[in-house]
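S.K.: Got a structure for you, questions after.
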């Protein structure tokens, strides 16, 4: 799929619903809900430094999700209409037709199968609509919950790589995880 068609598909599917969730574009009004978990050290341990103020959070949303909205989805719970997390395509390799995705969920919603549902939904669109050949995850070796989730979704846990966390500039060991289109199961 060429870049034009892929960008059109990302725009077409900027609002996706699953059984319990809505994956939708970010809005400036998401600031307070996002701040509720983005200022928590435990919640942000593997992602980026906690955001200290609501103003910092609003600016973060604008710069990281609203400025270039394609491939960024806020996760909203259908039961409460609140922002509870995010999924996004962090890197898109158009030549190889692969994507790296990232995800984050408020710890208030951990262990309820919500991130599994969000990622299953996104993976369906990555393979069926966006026609990607593979989806990658880079998971900190200490993040056992995310590694377990990746395995549950059928990702192959690959080699360890050393890399700098782009948000903290600290060196970490990551597992490169990959799910190929041929191995994907709905």
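Residue numbers (UniProt numbering): 1 to 186.
All residues carry an ideal CB built from backbone N, CA and C; glycine is no exception.
(1) Using a Cβ-based criterion (distance less than 7 Å to any ligand heavy atom), does residue 55 qualify as near the ligand COA?
(2) Can you tell me the Cβ-Cβ gap for residue 44 and residue 85, rounded? I've got them flagged as a contact below 8 Å.
(3) Using the C-alpha atoms, what's the distance from residue 111 back to residue 99?
(4) Starting from the C-beta of residue 56, find all residues in its chain whose C-beta is less than 7 Å away, skip the five residues before and the five after it, and write them out in chain order.
(5) What is the C-beta distance between residue 103 and residue 119, in whole angstroms, given that I count them as a contact (C-beta under 8 Å)?
(6) Do the stretch 152-171 and the stretch 30-39 meet, that is, are 3 or more Cβ pairs less than 8 Å apart?
(7) Look up residue 191 in the DSSP assignment and give the residues it is bridged to.
(8) Within 10 angstroms of the Cβ of residue 72, are there 16 or more other Cβ atoms? Answer buried if so, exposed if not.
(9) Do residue 168 and residue 16 have their C-beta atoms within less than 8 Å of each other?
M.R.: Taking the definition as stated:
(1) With respect to the ligand COA, the structure shown offers nothing to examine, as it has no ligands at all.
(2) About 12 Å separates the two Cβ atoms, so there is no contact after all.
(3) 26 Å
(4) none
(5) 6 Å
(6) no
(7) Nothing in the structure corresponds to residue 191, since the chain is present only between 1 and 186.
(8) buried
(9) no
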